[in-house]
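Protein sequence lines, in the order shown, are assigned to chains A and B.
Mapping of the first sequence onto the working numbering: position 112 corresponds to residue 112, and the numbering continues sequentially without gaps.
Mapping of the second sequence onto the working numbering: position 178 corresponds to residue 178, and the numbering continues sequentially without gaps.
Protein chains: 2
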Amino acid sequence: MTTAPGKRPRRSDPGRKERLIDVTLDMIAEHGVAGTTHRKVAAAADVPLGSMTYHFTGIDELFTAAFTKLADTTADGFEEALGSANRPEEATEAVVGLITGELLGSRRNVLLTYELYALAARNPALRQITDSWMARSRTALARHFDPPTTVMLDALIEGLAIHRTLALNPMPNSVVRDAVTRIVTPR
Amino acid sequence: MTTAPGKRPRRSDPGRKERLIDVTLDMIAEHGVAGTTHRKVAAAADVPLGSMTYHFTGIDELFTAAFTKLADTTADGFEEALGSANRPEEATEAVVGLITGELLGSRRNVLLTYELYALAARNPALRQITDSWMARSRTALARHFDPPTTVMLDALIEGLAIHRTLALNPMPNSVVRDAVTRIVTPR
DNA sequence: GGTCTATGTGTACACTTGTACACATGGAAT
DNA sequence: ATTCCATGTGTACAAGTGTACACATAGACC
């Protein structure tokens with residue numbers, strides 16, 4: 001079998017790098033950045049240790065790649081959910097859906113966000129990721145709401161996602177909807 | 001006199017344990033939990049390495065002690081600020097003051113909170129700290145606001161504190177006040 | 001077939017970490 | 001002055017880490 005022209009000849013495991021990134025995110029969600037090592041990721045992905053430093057220059061690059069994917073995926077979903085809304089009530093409902101949905105509300109993603117924020121505070125490369133993530137979210141919101149409301153919503157979304165996930169008793173969706181409505185509808 | 005020159009005093013440093021806790025919090029704020037080690041804390045506090053394991057059984061106990069102090073201090077300030085309010089407008093203003101003030105809004109404390117949340121997600125002892133911290137905050141708010149509003153405010157406070165600290169351009173206090181007012185004053 | 005090279009692997013190493021524990025010592029009790 | 005021991009210290013060590021790098025090998029090219 002010859003390789004198709006224009007494509008670089010690939011050996012046994014194409015897409016391995018992508019899989020390593022996914023496994024890394026799972027690892028971070030479960031054990032935190034502190035508990036995520038080359039060896040653990042390699043074992044979980046059933047890949048030799050040397051493959052880590054082959055695909056990623058250092059462990060920092062691994063983390064950066066993982067969090068880049070997280071931010072991109074989340075921002076994509078964010079834009080998609082808000083983009084399909086036309087009337088204000090639809091936008092409001094889209095925000096509620098985001099907060100209560102998997103993308104922002106799942107335990108996994110909230111934990112990953114913590115880890116990212118904690119790391120980004122001291123790492124310029126990661127800081128850039130969070131900055132552009134926030135910028136995309138704000139822009140998506142700004143298509144539907146005025147500037148101050150956009151900022152408030154952005155903050156509320158963050159706080160609600162956290163609380164729904166970490167609080168002892170889960171917050172009902174109706175309360176989430178009420179909160180968003182109060183912010184969106186000034187007196 | 002009692003201490004030979006160049007030699008470390010062997011005895012009696014009361015309050016050393018407390019100082020170690022404070023230095024640990026500074027260390028975590030600056031380098032994260034991941035970058036905080038026995039040796040670094042010992043060096044920063046000008047204390048021998050052996051003193052670490054003497055005062056704290058293990059490094060987990062050190063972190064637990066540090067975060068316990070953080071949570072207690074914060075909850076105290078929270079209760080104090082809200083306790084002195086009598087009329088609803090005063091309570092609202094107290095909440096705004098908390099968000100924009102040092103206690104909740106300072107970069108240091110926001111970073112420490114991230115680290116605590118990230119750790120608490122996987123550590124039962126720390127989880128208990130965050131739970132009782134949240135419970136105290138909610139109770140303090142509940143003296144002034146009805147149950148759903150209390151929950152919403154709790155989330156909004158979290159989100160606003162985070163955004164004010166991490167966002168590229170600082171959010172004006174007036175926007176914070178507006179957001180709190182919108183939540184507090186349902187239509 | 002026979003080379004050659006990009007792609008991938010196994011292993012070794014220097015370094016850091018938490019922790020244990022033998023030992024020193026200041027000062028109270030006598 | 002001497003004894004004695006709680007309080008505190010110095011040091012050693014096993015475990016785990018990121019990373020470098022010599023080596024293997026599957027397929028492309030002639």
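Backbone N, C-alpha and C define an ideal beta-carbon position, used for all residues, glycine too.
Please read these numbers as outputs of a predicted model, since none were measured by experiment.
Short of 7 Å in beta carbon distance, which residues of its chain neighbour A42(B), apart from the five on each side in sequence? Order them along the chain.
Excluding residues within five positions, the ones whose Cβ falls inside 7 Å are P48, L49, S51 and M52.
Is the beta carbon of Y114(A) sitting closer than 8 Å to the one on Y54(B)?
In this structure, Y54(B) does not lie closer than 8 Å to Y114(A) by Cβ.
Compute the Euclidean distance between the alpha carbons of P5(B) and A44(B), then round it to the nearest angstrom.
Bear in mind that a pLDDT of 33 at P5(B), under 50, signals an unreliable position, so the number given afterwards is only what the model happens to contain. Their Cα atoms are separated by approximately 21 Å.
Can you grab the Cα-Cα spacing for the pair I99(A) / N173(A), in whole Å?
Roughly 9 Å separates the two Cα atoms.
If the cut is a Cβ gap below 7 Å, which residues of chain B does R177(A) touch?
Correct list: empty, because the minimum Cβ distance to chain B is about 11 Å.
Taking just the CA atoms, how far does L156(A) sit from F145(B)?
Cα to Cα, F145(B) sits roughly 18 Å from L156(A).
CB A66(A) to CB T37(A), shorter than 8 Å?
No. Outside cutoff.
Just the chain A side, please: which residues come within less than 8 Å of H55(B) by C-beta, in chain order?
Chain A residues near H55(B): none, gap ~23 Å exceeds 8 Å.
Against chain A, with Cβ distances strictly below 8 Å, would E102(B) count as a contact?
So no, E102(B) is outside the interface.
Using a Cβ-Cβ cut-off of 6 Å (strictly less than) and excluding sequence neighbours within five positions of A91(B), which residues of its own chain qualify?
For A91(B), where only same-chain residues beyond five positions count, the Cβ hits under 6 Å are A85 and H144.
In the structure shown, what three-state DSSP assignment does A66(A) receive?
Correct three-state label for A66(A): helix.
Is there a Cβ of chain B sitting closer than 8 Å to that of L98(A), yes or no?
Judged by the 8 Å Cβ criterion, L98(A) is not in contact with chain B.
Where does F145(A) sit, in a helix, a strand or coil, going by DSSP?
Residue state, collapsed to three classes: coil.
Compile a chain-ordered list of the residues in the segment 106 to 125 of chain A whose CB is closer than 7 Å to at least one CB of chain B.
Listed in sequence order: L111, Y114, E115, Y117, A118, A121 and R122.
Which residues in chain B sit within 7 Å of A94(A), going by Cβ to Cβ distance?
Within chain B, no residue comes near A94(A); the closest Cβ sits about 18 Å away, beyond 7 Å.
Do you know offhand how far M27(A)'s Cα is from V33(A)'s?
The straight-line gap from Cα to Cα measures roughly 8 Å.
Could you pull out every residue in the same chain whose Cβ sits closer than 7 Å to the Cβ of L160(B), ignoring the five residues on either side in sequence?
So the qualifying residues of the chain are I99, V176 and A179.
If you follow the alpha helix (DSSP H) that G50(A) is in, where does it begin and where does it stop?
It spans G50 to H55 - the alpha helix (DSSP H) in which G50(A) sits, taken as one unbroken run.
Contact check, E80(B) vs H163(A) under 8 Å by CB: the rounded distance?
So it is not a contact: roughly 23 Å between Cβ atoms.
Count the CB pairs spanning the segment 147 to 155 of chain A and the segment 118 to 129 of chain B that are closer than 8 Å, and state whether there are at least three.
No: fewer than three Cβ pairs fall under 8 Å.
Which of the three DSSP states is assigned to V95(B) in this structure?
Helix, per DSSP.
Closest Cβ-Cβ distance between G32(A) and chain B: below 8 Å?
So, interface residue.
Taking C-beta pairs closer than 8 Å, name the residues in chain A that G15(B) reaches, listed in chain order.
By Cβ distance, chain A contributes nothing, its closest Cβ being about 30 Å from G15(B), past 8 Å.
Provide the residue span of the alpha helix (DSSP H) that contains G105(A), from first to last.
G105(A) -> alpha helix (DSSP H) spans E102 to G105.
Sort F56(A), L103(A) and E89(A) by Cα distance to A75(A) and report the nearest one.
Per the Cα distances, L103(A).
Taking only beta-carbon atoms, is I183(B) less than 8 Å away from chain A?
True, the Cβ-Cβ gap to chain A drops below 8 Å.
Considering only residues of the segment 110 to 179 of chain A, which uninterrupted beta strand (DSSP E) runs meet the minimum length of 3 residues and lie entirely inside it, listed in chain order?
If we require 3 residues or more, the segment 110 to 179 of chain A turns out to have no beta strand (DSSP E) run fully inside it.
Does chain B have any CB closer than 8 Å to the CB of G83(A)?
No, because no Cβ of chain B sits closer than 8 Å to the Cβ of G83(A).
Please list the terminal residues of the continuous alpha helix (DSSP H) segment that includes V23(B).
Start and end: R16 to H31.
Here's the rule I'm using: 16 or more other beta-carbon atoms within 10 Å means buried, otherwise exposed. How should M1(B) be labelled?
Legend: pLDDT at M1(B) = 34, less than 50; position of this residue unreliable, no value from coordinates given.
For K17(A), which of M171(A), F56(A) and L111(A) has the nearest alpha-carbon?
Cα-wise, what sits closest to K17(A) is F56(A).
Could you check the C-alpha separation between G83(A) and T139(A) for me, to the nearest Å?
Distance between the alpha carbons of G83(A) and T139(A) is about 11 Å.
Alpha carbon to alpha carbon, how far is L70(B) from G15(A)?
In a straight line, the C-alpha of L70(B) is about 45 Å away from that of G15(A).
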